[in-house]
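Here's the structure, in structure tokens; my notes come after.
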Amino acid sequence: MEDAKAEPRQGAGLKPEAGEKAPRGEANASTRERVLVAVNGGHLSRRVIRAARQMATSLRAEWIALYVETPGHFRLAKPEIERLTGAMTLARELGARTVTLTGHDVASELLRYARANGITKIVVGKPRQGRWPALRPRVADDLVHQSGNIDIYIVTNATSRPQLPEMSAHTRSWMTGYVLSLAVLLGATLLGLLVSPFLDPINIALLLLLAVVLSATTWGLGPSIFTSILGVIILDALFVPPLGLISISTMRDFLTLAAFLVVAFTVSELGARVRAEVAAAQLRERQIAALYALSRDLAFTVSEHDILDSGVRQIDEVFDSETHALIPGADGRLGPGTGIELNETEQNAAQWALEHGERAGAGTSSFSQAALTYIPLCTSQTTFGVLALRRQPGSVLTPDQSRLLDTFGGQIAMALEHARLRTQAEQAQVLEASERFRNALLSSISHDLRTPLASIMGSATSLLDQQARLEPAARQDLLLTIQEEAGRLNRLVSNLLNMTRVESRALHPHLELHSVEDLVGSTLAHPETTGREVRLALESDLPMVPFDFVLMEQVLLNLLDNACKFSSPGTPVEIAAQREPSHLCVTVSDRGRGIPSTALEKVFDKFYRVPDNGIIPGSGLGLSICKGIVEAHGGCIWATAREGGGTRITFTLPLEGKIA
Amino acid sequence: MSFGPRILVIDDEPQIRRFLRNGLSGHGYQILEAATGNAGMDQVATGKPDVVILDLGLPDIDGLEVIRHLREWSRVPIIILSAREHEQDKIAALDAGADDYLTKPFGVGELIARIRVALRHVAPDSEEPVFKTGDLKVDLARRLVTVADQEVRLTPTEYELIKFLVAHAGKVVTHQQLLRGVWGPEYQNESHYVRVYVGQLRHKIESDPARPRYILTEPGVGYRLRVDEMNEPAARF
Numbered sequence: 000m001e002d003a004k005a006e007p008r009q010g011a012g013l014k015p016e017a018g019e020k021a022p023r024g025e026a027n028a029s030t031r032e033r034v035l036v037a038v039n040g041g042h043l044s045r046r047v048i049r050a051a052r053q054m055a056t057s058l059r060a061e062w063i064a065l066y067v068e069t070p071g072h073f074r075l076a077k078p079e080i081e082r083l084t085g086a087m088t089l090a091r092e093l094g095a096r097t098v099t100l101t102g103h104d105v106a107s108e109l110l111r112y113a114r115a116n117g118i119t120k121i122v123v124g125k126p127r128q129g130r131w132p133a134l135r136p137r138v139a140d141d142l143v144h145q146s147g148n149i150d151i152y153i154v155t156n157a158t159s160r161p162q163l164p165e166m167s168a169h170t171r172s173w174m175t176g177y178v179l180s181l182a183v184l185l186g187a188t189l190l191g192l193l194v195s196p197f198l199d200p201i202n203i204a205l206l207l208l209l210a211v212v213l214s215a216t217t218w219g220l221g222p223s224i225f226t227s228i229l230g231v232i233i234l235d236a237l238f239v240p241p242l243g244l245i246s247i248s249t250m251r252d253f254l255t256l257a258a259f260l261v262v263a264f265t266v267s268e269l270g271a272r273v274r275a276e277v278a279a280a281q282l283r284e285r286q287i288a289a290l291y292a293l294s295r296d297l298a299f300t301v302s303e304h305d306i307l308d309s310g311v312r313q314i315d316e317v318f319d320s321e322t323h324a325l326i327p328g329a330d331g332r333l334g335p336g337t338g339i340e341l342n343e344t345e346q347n348a349a350q351w352a353l354e355h356g357e358r359a360g361a362g363t364s365s366f367s368q369a370a371l372t373y374i375p376l377c378t379s380q381t382t383f384g385v386l387a388l389r390r391q392p393g394s395v396l397t398p399d400q401s402r403l404l405d406t407f408g409g410q411i412a413m414a415l416e417h418a419r420l421r422t423q424a425e426q427a428q429v430l431e432a433s434e435r436f437r438n439a440l441l442s443s444i445s446h447d448l449r450t451p452l453a454s455i456m457g458s459a460t461s462l463l464d465q466q467a468r469l470e471p472a473a474r475q476d477l478l479l480t481i482q483e484e485a486g487r488l489n490r491l492v493s494n495l496l497n498m499t500r501v502e503s504r505a506l507h508p509h510l511e512l513h514s515v516e517d518l519v520g521s522t523l524a525h526p527e528t529t530g531r532e533v534r535l536a537l538e539s540d541l542p543m544v545p546f547d548f549v550l551m552e553q554v555l556l557n558l559l560d561n562a563c564k565f566s567s568p569g570t571p572v573e574i575a576a577q578r579e580p581s582h583l584c585v586t587v588s589d590r591g592r593g594i595p596s597t598a599l600e601k602v603f604d605k606f607y608r609v610p611d612n613g614i615i616p617g618s619g620l621g622l623s624i625c626k627g628i629v630e631a632h633g634g635c636i637w638a639t640a641r642e643g644g645g646t647r648i649t650f651t652l653p654l655e656g657k658i659a
Numbered sequence: 000m001s002f003g004p005r006i007l008v009i010d011d012e013p014q015i016r017r018f019l020r021n022g023l024s025g026h027g028y029q030i031l032e033a034a035t036g037n038a039g040m041d042q043v044a045t046g047k048p049d050v051v052i053l054d055l056g057l058p059d060i061d062g063l064e065v066i067r068h069l070r071e072w073s074r075v076p077i078i079i080l081s082a083r084e085h086e087q088d089k090i091a092a093l094d095a096g097a098d099d100y101l102t103k104p105f106g107v108g109e110l111i112a113r114i115r116v117a118l119r120h121v122a123p124d125s126e127e128p129v130f131k132t133g134d135l136k137v138d139l140a141r142r143l144v145t146v147a148d149q150e151v152r153l154t155p156t157e158y159e160l161i162k163f164l165v166a167h168a169g170k171v172v173t174h175q176q177l178l179r180g181v182w183g184p185e186y187q188n189e190s191h192y193v194r195v196y197v198g199q200l201r202h203k204i205e206s207d208p209a210r211p212r213y214i215l216t217e218p219g220v221g222y223r224l225r226v227d228e229m230n231e232p233a234a235r236f
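Which chain is which? The protein sequence lines are A and F, in order. Its first residue numbered 0, the first sequence is counted upward by one per residue in numbering that gives the first Met the number 0. Its first residue numbered 0, the second sequence is counted upward by one per residue in numbering that gives the first Met the number 0.
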């Protein structure tokens, strides 16, 4: 039940943002996290422990629950001791190592232990201040000030988690109101007696009226009527002549007393109404706050499973219940929920709620003999399931609470609907992207394969043409054309095959340690590059790096092919390689026309060709294949413009093998 | 007809057989053909070819099986034809007993070179103690390696490596074959050893180790020591 707010307060700086093209790599094993949670006998301990466990699980770290026994330990009240023991047991059950230390100052002991044991994160609770600010600094504050490099996470009790009152307003015994009203009245009387020599009875009457107002607004109609009657009697007896007797002698006195009584009753009535309105407004405010907390929580959850989890938790918090979600199977019938056994009556009630979209079970008009209450989760479009609510036997929901429960159900259902629609939208997008790729592929195949075929067909038929008289040079040229275009076709087929593999993530690089020098040498043996000057700048003593030789040869071949295609024959093409701390860096550079800065990232998109270069043939696939292969090795690839003209493509290969 | 060495082509694709028939006979070879694995094996027994060219993708029987069957009773050189990107198939075939391979599509020049090398290894004219290719000279009798008549000092392992390559000069050798031959069968899986030592060897005997002229890389498969009668790194598409 994680509902506490965790505010991370970092001792050291935040982890640095990933820099431009920083290579992906494995986390350094020496920065393993260790979490420490500070436990005491306070109310927050269990929440703090759960929060720490969540953190430890997500960091795959070990965690330790620590209690510092101060000299004040022996003065702890029994409930506190029980909470402490319960908290430590919980921590142990959840997988923590528990430690108890003794000391005077909790914060210093915690930090000393933390530093000695390689703790990287400390989780501590800090209950919200009561009405009076703490006179002494809290442990959490001390920790934050002294933590240094250790991160401190503070868990508080969230204030926006309202508990709805069980019954309506009167939690106090009815007697208190009357007794306290009497006390106030007597106080006002005493005051009146003190000032009566100087003032008229009417003034005293106003004083007593104050007591009536106070009674009405604080304790309600009953006590205020009581105060009014008593007040008028006191007024008559003590302040209106003849003093000491309850009698009315003059008309004026009668009017005074009558007026007092009327005003007192009116004030009582109004005061009580005000009080009721205030209580109602507060109740409404709490309900809205509960709903707001629910919808805010749901807004951040994405999966249907998490939404149900979160919703169930919220309901349990607000309604003090135990809730389970029941989801219908394919046949529309509710299956047995996880962690809950339902007998036939319960099943029927749940099924009814599901089918009719209305509450059923305990406390409702349908299947009221059932032990649990069933709230359907449905929107106008779909029904997702039913929530089974178990409360304390005998506790009844007020109509207000019932309405709120329905609203909760509605909100959860809406969130579920959103999640489902979002998933569908994502799937549709994926399908669309897949469709677009397929179309682009088809049109590329159609054009780019047919072009060399056309040359081959044309050349072959020319050679076979009986009627043409070909010079030997022309004949040789046609034959060479056939050979070259066949080569081009072959490369294109390879590219298309690799492209579909990259796209469908069927690329499984077979990683073995190879030398980059070997890779370069092998690539240079291919005929595309013979005839062009290729300068090599390979750092000496480069380490062997894990990669798939055949795939990386494709990459280098594509890059060389591009470099040669996009630069004039006289200009040099350079290949360089150097070692960086965690990866190997290889660059292929040319002195060609270069890539405009707007296109430097786009060139790696599938089928992208830099605009207005229709002279140079190609399918636009080469660079995207390179990107797919390099990234499948856990490396990065990017293009930059060279000073002095031309393009440099750089790619990295991690020194330690990591398949993306 | 031609009276040169007999080549048996086992390939189910008529077009491949067609161009091989035409291309090879022009070099004076006699051509025998078979369209299925079984027919091919029969032809090996009856036709007694000097070299077998075997396509791995046969319809009736796995090319690997053909190699294994043949190797049970014949030492005839087998050159396999396979599609690109199936390096594991090539390695398996070479381990099963094939002598060399060609990746489709290939040029006829490459094929001729492979055939010549295969024939040479079958019938060595004499126990030539000195191997020569380009500027590289390996004198097996005197355990001397020179490049352009300059002596090259090799470690014992490096010498064993070059000796093994010379014994298979012109043919492809897989990483595993090198490991078994130079280091022993226990080292079969340490392919990077081979690459490290080949790298070192290249640095000693090649004028530009990044553009080797003698020890050529066969991507994903192994290495090949160039012999003079081979073309320059042949038209690889």
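Yeah, the Cβ is synthetic: ideal placement off N, Cα and C, and Gly gets one too.
Non-local C-beta neighbours of F:V165 in its own chain, meaning closer than 8 Å and more than five positions away in sequence, comprise F130, V137, L139 and L224, ordered along the chain. With a cutoff of 8 Å on beta-carbon distance, A:T344 and A:Q368 are scored as near each other.
In the structure shown, A:H42 falls within a coil segment according to DSSP collapsed to helix, strand and coil. In the three-state DSSP reduction, A:P545 falls in the strand class (E or B). Scanning chain A for C-beta atoms nearer than 7 Å to the C-beta of F:G219 yields F548 and V549, reported in chain order. Annotation: the continuous alpha helix (DSSP H) that includes A:H417 extends over P398 to S443. Within the same chain, Cβ atoms closer than 7 Å to the Cβ of A:V602 are found at I594, V609, L622 and A638, the five residues on either side in sequence being excluded.
Within the same chain, and ignoring the five residues on either side of A:A439 in sequence, the residues whose Cβ sits closer than 7 Å to its Cβ are K605 and F606. Among the bridge pairs identified by DSSP, A:R274 is matched with none. Spatial neighbours of A:D252 in its own chain (CB-CB distance under 6 Å, excluding positions within 5 residues in sequence) are listed in chain order as V239. Under the three-state reduction of DSSP, A:F650 is assigned to strand.
A contact between stretches requires three or more CB pairs, one per stretch, nearer than 8 Å, and the segment 390-400 of chain A fails this requirement with the segment 340-358 of chain A.
Inter-segment contact for the segment 202-211 of chain A and the segment 255-266 of chain A is present: three or more beta-carbon pairs are separated by less than 8 Å. Residue contact check for F:H26 against chain A: no CB pair falls below 8 Å. Between A:S566 and A:R534, the C-beta spacing is not below 8 Å. One Cα belongs to A:S588, the other to A:P580, and the distance between them is close to 22 Å.
Around the beta carbon of F:D98, a 10 Å sphere encloses 16 or more other beta carbons of the protein chains shown; the residue is thus reported as buried.
Assignment of A:S458 by DSSP, reduced to helix, strand and coil, places it in the helix class. Assignment of A:R490 by DSSP, reduced to helix, strand and coil, places it in the helix class. Counting only runs of 4 or more residues that sit fully inside the segment 559-637 of chain A, the alpha helix (DSSP H) segments are 621-631, in chain order. Shown here for A:L599: same chain residues with a beta carbon closer than 8 Å to its own, the five before and five after excluded, namely W637, A638, T639 and A640 in chain order. At a C-beta separation below 7 Å, F:T216 has these neighbours in chain A: D517, G520 and S521. What F:R179 touches in chain A, judged by beta-carbon distance under 7 Å, is nothing: the nearest beta carbon there is about 17 Å away.
Setting aside the 5 residues that flank it on each side, A:E32 is surrounded in the same chain by L58, A60, T119 and K120, each with a C-beta closer than 7 Å to its C-beta; the list follows chain order. Residue environment for A:R82: buried (at least 16 other C-beta atoms within 10 angstroms of its C-beta). Taking 7 Å as the cut-off between beta carbons, the residues of the segment 181-194 of chain F near chain A are S190, H191 and R194, in sequence order.
Taking a contact to require three or more Cβ pairs closer than 8 Å, the segment 206-221 of chain F and the segment 542-560 of chain A qualify as touching.
By the Cβ neighbour-count rule, F:W72 is exposed, with fewer than 16 other Cβ atoms within 10 Å of its own. As summarised for the segment 22-72 of chain F, the continuous alpha helix (DSSP H) elements at least 4 residues long and confined to that stretch are 36-46 and 62-72, given in chain order.
In the pairwise beta carbon analysis, the segment 372-379 of chain A is classified as touching the segment 346-354 of chain A: at least three pairs are separated by under 8 Å.
Sorting A:L388, A:S365, A:L269 and A:V317 by C-alpha distance to the C-alpha of A:E340 places A:L388 at the top. For F:A95, the closest Cβ of chain A is not nearer than 8 Å. Annotated three-state conformation of A:L189 is helix, per DSSP. Taking a beta-carbon distance threshold of 8 Å, F:A209 counts as an interface residue toward chain A. Interface with chain F (8 Å Cβ-Cβ cutoff): A:S618 is excluded.
In this structure, DSSP gives F:K170 a state outside helix and strand, which the three-state scheme calls coil.
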